[in-house]
Ligand SMILES: Nc1ncnc2c1ncn2[C@@H]1O[C@H](COP(=O)(O)OP(=O)(O)O)[C@@H](O)[C@H]1O
Ligand SMILES: [Mg+2]
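Protein chains in written order, with my numbering: chain R, 1 to 238; chain G, 1001 to 1236.
Now the structure itself:
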């Protein structure tokens, strides 16, 4: 108990005095996770829309693969990226291992299937009525796609935020490929692991509290996006 | 638009769900397609619209084998409105045609008034009831002024007043624009009110085709007769 109380007080001190190392860690966490989420979204949303709205041979296999990869353990993704980027690996030439770039790559591997899978699922719910209605009106393919995206905008936004939630809370992959190097690749989750191991509960708790706040904010956003939708559906006018 | 159906066929897993041949939809007329659930009415409409792929069908649109998609409108059995305002939904089909904003707004208002939804221009489409949504969907289809309009149970969710508005609107467009209509319905008196001809279907086949007064009073086909008898019993 005393450990926790002391830890909380230390946490408050670090946060309120704008401890530069702590804020550096937070900053890097945000840069890495936002970059990987944006990159993933750019890949995954078009992919999810494409797969969700078309029928082709082998679609089932692709859908199942994506659904499986949605649950890919981050450590495994980290391991694969590690092997690819290590000096003797096929991409070793770029010397990316133990850099924020490597962390982004590993997280893209984890987050892309999540966003793609959720996007795909939401498209699949809407594609039939939207496509039939557009065909019936003789609308162009481009316009049909725009309308489809419009109809699925809330679940797609939720999908991207769910992807971000995974990125910010993930530790296994960035630990492996980033190496948790002080002032270089140390982010919130890896720092918590390290500081807890060293017994520096204050630092660990300070970061834990901030991580919780960010996670809470993301979840709150996802929910208000979803609630905003049903609320909008109910507001009657005219 | 004159549509000559030499053959309209659809197989699903070896079962023929539609097997109709040798009938003509004459230009500028109104056709009611009737028949029990699963008779193949929706499938027929979708094939006429060119939405359902069917390798074995042979249909001539004004003499041509190519489906003139830009001249055909098809309204689905359950109306789907997009998650925006009622007005914008109706505008969708005409907004790319280069008319002035004023013209378009007038057309939208006119069309909504004809289906009795004039007060709903700014309302959220997703907040409408089934019958209201169906009427908006009809306005959205008819505003486009296509030559051939295919409507799948256009008044299945409306009340009597709504059905009446829909019927009047169909007749008006048919008269003024010489639009050809094919619609499905479960209501013989609706068919009698607005259709020039009834096409009666059963198990994927056309069992009877003719003027409503004849079909409804003197059906030749046993299935047609049973269908009408049941309807009368349910509607006394
Ligand atoms: N894509 C499909 N796959 C399998 N069966 C279908 C498909 N579409 C229609 N059917 C079947 O074909 C028959 C005719 O359907 P439909 O044209 O919708 O009938 P109706 O509109 O007259 O009620 C029904 O038995 C229906 O279950
Ligand atoms: Mg049907």
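Every residue gets a Cβ at the ideal spot worked out from N, C-alpha and C, and that includes glycine. These figures come from a predicted structure and were not determined experimentally.
Three-state secondary structure (DSSP) of residue 1133/G:
helix
Reduced DSSP secondary structure (H/G/I, E/B, other) of residue 64/R:
helix
Counting only Cβ-Cβ distances shorter than 8 Å, please list the residues of the stretch 144-160 of chain R near chain G, keeping chain order.
147, 150, 151
Cutting at 6 Å between CB atoms, please list the residues of its own chain near residue 28/R, excluding the five before and the five after it.
187
Using three-state DSSP, classify residue 1210/G as helix, strand or coil.
strand
Specify which residues have a beta carbon nearer than 5 Å to any heavy atom of ligand 1, listing them in chain order.
1012/G, 1017/G, 1037/G, 1038/G, 1039/G, 1040/G, 1041/G, 1042/G, 1043/G
What is the residue span of the alpha helix (DSSP H) that residue 1055/G lies within?
Counting along the chain, residue 1055/G falls outside any alpha helix (DSSP H), and DSSP gives it neither H nor E.
Under the rule that 16 or more other beta-carbon atoms within 10 Å means buried, what is residue 116/R, buried or exposed?
buried
Taking the C-alpha atoms as reference points, what is the distance between residue 1042/G and residue 1130/G?
19 Å
What is the DSSP secondary structure of residue 1080/G, reduced to helix, strand or coil?
coil
In three-state DSSP terms, what is residue 219/R?
helix
So, is the C-beta of residue 1056/G closer than 8 Å to a C-beta in chain R?
no
Going by the DSSP bridge assignment, what does residue 1020/G pair with across the sheet?
1008/G
Could you tell me the alpha carbon to alpha carbon distance between residue 219/R and residue 114/R, rounded to whole angstroms?
16 Å
Where does the unbroken alpha helix (DSSP H) through residue 164/R begin, and where does it stop?
153-169
Which residues share a DSSP beta bridge with residue 1031/G?
1182/G, 1197/G
Can you give me the Cβ contacts of residue 1141/G inside the same chain, cut-off strictly under 6 Å, excluding the 5 residues immediately before and after it?
1073, 1075
Could you check which residue in 1167/G, 1160/G, 1127/G, 1159/G has the C-alpha nearest to that of residue 1139/G?
1167/G
What is the C-beta distance between residue 122/R and residue 222/R, in whole angstroms, given that I count them as a contact (C-beta under 8 Å)?
Not really, about 13 Å apart at Cβ, beyond 8 Å.
Quick one: does residue 95/R have its CB under 8 Å from some CB of chain G?
no
Is residue 1184/G close to ligand 2? I mean its beta-carbon at under 7 Å from any heavy atom of the ligand.
yes
Contacts around residue 1171/G, its chain only, beta-carbon distance under 7 Å, and the 5 residues preceding and following it disregarded
1194
Short Cβ contact (8 Å threshold) for residue 147/R with residue 1082/G:
yes
Interface residues of chain G around residue 88/R at Cβ under 9 Å?
Here the premise fails: no neighbours, minimum Cβ distance about 53 Å.
Could you run through the stretch 1051-1084 of chain G and flag, in chain order, every residue whose CB is less than 9 Å away from some CB of chain R?
1051, 1069, 1070, 1071, 1072, 1073, 1074, 1075, 1076, 1078, 1079, 1080, 1081, 1082, 1083, 1084
In the DSSP output, what is residue 1064/G paired with across the bridge?
1061/G
Exposure of residue 1012/G, with buried meaning 16 or more beta-carbon neighbours within 10 Å
exposed
Measuring alpha carbon to alpha carbon, tell me which of 190/R, 42/R, 154/R, 161/R ends up nearest residue 170/R.
190/R
With a threshold of 8 Å, are at least 3 pairs of Cβ atoms found where one atom belongs to the stretch 171-187 of chain R and the other to the stretch 69-79 of chain R?
yes
Looking only at its own chain, which residues have a Cβ that is under 8 Å from the Cβ of residue 130/R, when we skip the five neighbours before and after it?
144, 147, 148, 151
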